[in-house]
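Scroll down for the structure; my scribbles are underneath it.
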Amino acid sequence: MASAWRKLKKSLIMKISTHRDDDRRRSSSSSSSSANGIVSSPSPSSVSRSSSRLSYSFSFRSSKTCAICLGSLKKGEGQAIFTAECSHHFHFNCIATNVQHGNRICPICRSEWKDIPFQAPGSANDFRNNNSTILGFRHNWHPPSLPVLETDQFSLEEPLSATHVAPAPSTCLQPITIKALPEFPAVLASDAVSKFPVLVGVSAPPFHVDVRHFNRAPIDLVAVLDVSGSMSGKLSLLKRAVCFIIQNLGPLDRVSIVTFSSSARRIFPLRRMRGSGQDDAISAVNALSSGGGTNIAEGLKKGVRVLEERHEQNPIASIMLLSDGHDTLNDDTRSLYRNVQNLTSNPNYSLQYLYLLPASICSRNTASGNEARRLSIPVHTFGFGSEHDSNAMHAISDLSGGTYSFIETVDNLQDAFARCIGGLLSVVAQDVRLTIQSLSRGVQIGSIHSGRYKNEIFNLGQKATIDVGSLYADEEKEFLVYVSIPASSRGEGEAKLDHMSLLEVLCSNKDSTSSEIVESRRERVVIRRPKVLSPTDKMVCLEVDRQKNRLAVADAIATAQRMAELGILDHAQAVLSEQKTTLLSSVSAQAGDDLCKWLEKELTETAQRMATLQLYEQSGRAYVLSGLSSHSWQRATTRGHSTTILPGEGANGINSYETPSMISMVSKSQCLNGGPSQQPQMVTKSCSLTPRHK
């Protein structure tokens with residue numbers, strides 16, 4: 008027994024001695040490498056500067072969770088663990104990728120490291136067999152295993168500003184204005200009309216200054232970026248475009264960056280874009296590299312978690328999702344993508360697609376089983392090139408309340424981002440709701456054409472609401488409300504009634520800076536009920552006719568797209584041609600209306616992209632879906648190879664939904680890129696009457 012103990016003791020002494028020799032050799036190797044410039048130490052002044060960056064603290068469990076990938080740091084789960092000199096822990100592969108471009112800042116405490124992990128190139132087997140290539144850290148290598156699940160703790164955000172300055176009186180915005188116009192000013196007293204159109208609209212107040220300096224509502228923005236292998240040739244332009252976004256945000260705005268390839272990672276937490284925050288965000292973007300597959304669903308889920316698990320919230324929140332391919336990690340969804348042709352007319356397909364999307368973006372109404380959209384976190388999607396999954400990108404944006412842009416050439420990526428950011432940085436009102444009330448007996452609200460904006464009719468057609476959501480500065484939304492008007496009847500001895508009040512329209516909203524509920528002045532719709540119509544009574548309101556044309560063109564394009572998906576392109580072309588003829592013969596088109604000219608060009612461009620099945624699959628589908636997204640939300644998108652929707656002859660073209668803040672941001676982007684500095688022409692809208700055609 009004593010002999011056995013002596014042998015065991017001798018064996019232990021030999022192992023301890025061996026480990027000490029290995030430690031001395033590693034220490035000597037580390038010193039030599041440091042002398043050769045592999046590991047550098049900062050100057051005292053840089054250490055002082057890094058200490059001054061500790062302006063905020065986090066409640067993140069860094070000892071249990073990797074702050075980069077949010078995975079577990081438990082030993083024995085197949086991940087090497089790196090312990091920094093500031094005592095924070097990370098997965099070795101995560102931190103090695105983070106510092107390979109020279110980033111020596113701790114992602115948690117922002118202190119500057121003297122020693123950084125270094126991973127020599129080579130295969131995984133070479134790495135296992137040559138641990139001496141890793142210098143300057145304590146390591147614990149384990150064989151690889153299945154990916155570990157993330158912990159419930161996901162938040163690593165910078166707190167909001169402690170003080171909030173109220174808007175100065177000189178910068179207070181004007182209230183939202185309401186528009187309510189009947190198609191005709193009069194209806195015969197003896198006539199009963201079953202579907203009489205009334206235009207109801209809202210117009211947001213303008214911005215008169217740079218959106219970066221205006222006392223506006225700050226935004227929490229998450230950029231979800233595709234860094235798969237197919238992005239290798241486009242990565243430099245993507246970096247430049249994202250840096251443009253970062254540089255144009257204000258000090259109260261916060262940004263987080265999530266990347267995805269075969270898996271998804273949050274590479275930059277939600278931080279304010281001021282000083283070091285802006286610089287660190289740009290450094291994180293410039294350190295991006297491409298490789299692997301495409302997991303859109305996982306990237307989107309991670310981006311949503313950043314916003315879901317915030318401790319503090321800015322008034323505006325949004326996600327920008329960017330990809331150039333199909334989701335290669337969710338093959339079972341490909342058949343669903345092909346079925347998502349037009350979510351407005353095929354709600355069952357959208358319900359099938361919901362399981363890919365987090366509940367905070369698109370949830371089901373448990374009472375009715377239908378979709379209940381939450382507009383608080385819209386996802387604006389951008390599809391690059393001809394290989395991206397336009398059906399998936401359109402579905403994600405449509406269900407969340409965002410827009411889908413088709414970027415045919417990656418050179419226009421920055422301008423597309425600029426258009427989107429120009430809108431997001433100019434939100435002047437939230438939770439905008441229109442309430443419509445019938446004012447006369449027998450007048451009932453029958454239907455409302457509001458695109459993707461939710462509307463509800465109740466009290467047997469006596470009342471209705473339209474939920475508009477948020478409004479950008481100078482933005483307009485217009486809807487058609489169809490009412491039934493009874494014949495005017497008077498009993499013996501009753502006073503003669505020459506006028507009839509149809510509707511009363513009220514708008515309420517939450518101010519984006521003060522969060523106060525604001526109500527606009529009520530507008531009434533009144534028509535005459537004469538026994539005989541005068542020439543003036545027969546005049547058609549151009550704004551109502553224009554809106555009818557816009558809705559008819561959008562419906563025709565959606566119908567043509569469904570036919571193109573079935574391969575019957577000749578029928579699709581016939582539908583577009585017939586609608587073009589109808590459009591050109593309308594009252595507003597005959598009057599030279601700018602919007603009708605734009606709609607005519609859109610029909611022509613759509614028909615050209617449906618000329619052959621190959622052309623349709625290459626660019627036509629994405630072009631059409633981006634246009635339907637724009638019409639459904641009445642919000643500008645980027646389509647095709649141009650930063651304007653349809654280039655005009657001798658001009659930059661017109662975009663009926665662009666706002667001045669969007670145009671200003673696109674112009675700034677083009678000036679930086681050395682492109683054209685002329686601003687796109689905006690469609691002018693005015694109220695006028697034209698004689699009706701019998």
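Mind the numbering: the sequence shown is residues 8 to 701 in this note's numbering, read in order. Ideal Cβ positions, reconstructed from N, Cα and C, are used throughout, including at glycine.
If we count the other Cβ atoms within 10 Å of its Cβ and call it buried at 16 or more, is residue i buried or exposed?
| i | result |
| --- | --- |
| ASP1 | As shown, the chain starts at 8 and ends at 701. That puts residue 1 outside it, with no answer to give. |
| GLN437 | buried |
| ALA494 | exposed |
| ALA565 | buried |
| GLY449 | exposed |
| SER522 | exposed |
| GLU401 | In the sequence as presented, Glu is not what sits at residue 401; that position holds His. HIS401 is buried by the Cβ-count criterion. |
| HIS506 | exposed |
| GLN285 | buried |
| VAL249 | buried |
| PHE465 | exposed |
| ALA425 | buried |
| HIS95 | buried |
| GLN641 | buried |
| GLY282 | exposed |
| ILE368 | buried |
| ASP577 | exposed |
| GLN677 | buried |
| LEU277 | buried |
| VAL292 | buried |
| SER197 | exposed |
| CYS427 | buried |
Is DSSP giving residue i helix, strand or coil here?
| i | result |
| --- | --- |
| THR90 | strand |
| ASN516 | strand |
| SER283 | helix |
| CYS113 | coil |
| ALA304 | helix |
| HIS387 | strand |
| ARG642 | coil |
| ASP233 | strand |
| ARG557 | helix |
| SER270 | coil |
| LYS309 | helix |
| CYS101 | helix |
| CYS548 | strand |
| LYS186 | strand |
| LYS470 | strand |
| HIS96 | strand |
| VAL533 | strand |
| HIS333 | coil |
| ASN349 | In this prediction, ASN349 has a pLDDT of 43, which is less than 50 and means its spatial position is unreliable; nothing more can be read from the coordinates. |
| PRO204 | strand |
Cutting at 8 Å between CB atoms, please list the residues of its own chain near residue i, excluding the five before and the five after it.
| i | result |
| --- | --- |
| VAL205 | ALA187, LEU188, PRO189, GLU190, LEU487, VAL488, TYR489, VAL490, LEU509, LEU510, VAL532, VAL551 |
| ASN337 | ASN302, ILE303, ALA304, LEU363 |
| SER393 | GLU415, GLN625, SER626, ALA629 |
| LYS675 | ASN255, ALA425 |
| THR619 | LEU576 |
| SER765 | Shown here, the chain extends from 8 to 701; a query on residue 765 therefore has no answer. |
Would you kindly check if the distance between the Cβ of residue j and the Cβ of residue i is under 8 Å?
| i | j | result |
| --- | --- | --- |
| THR613 | ALA643 | no |
| ALA304 | ASP334 | yes |
| HIS387 | GLY409 | yes |
| SER515 | GLU526 | yes |
| TYR411 | LEU632 | yes |
| LEU591 | ARG553 | no |
| ILE414 | THR611 | no |
| VAL560 | GLU609 | yes |
| SER457 | GLN451 | no |
| GLY208 | GLU607 | no |
| MET546 | ALA579 | no |
CB-CB under 6 Å to residue i, same chain, minus the five flanking residues each way: which ones, in chain order?
| i | result |
| --- | --- |
| CYS101 | CYS73, ILE75, CYS76 |
| LEU513 | THR442, ARG529 |
| LEU382 | With a pLDDT of only 39 at LEU382, under the threshold of 50, the placement of this residue in the model should not be trusted; the figure read from the coordinates follows. Correct list, in chain order: GLY408, GLY476. |
| LEU244 | VAL417, LEU420 |
| ASP260 | PRO225, ILE226, MET280 |
Which same chain residues, not among the five before or five after residue i, have their C-beta less than 7 Å away from its C-beta?
| i | result |
| --- | --- |
| VAL229 | SER263, VAL265, GLY310, VAL313, LEU314, ILE326 |
| GLN320 | ASP227 |
| ALA480 | ALA211, PRO212, PRO213, PHE214, SER433, VAL435, THR666, SER668 |
| GLY299 | SER235, GLY236, SER268, SER269 |
Take every Cβ of the region 567-587, pair it with every Cβ of the region 235-244, and state whether three or more of those distances are shorter than 8 Å. no
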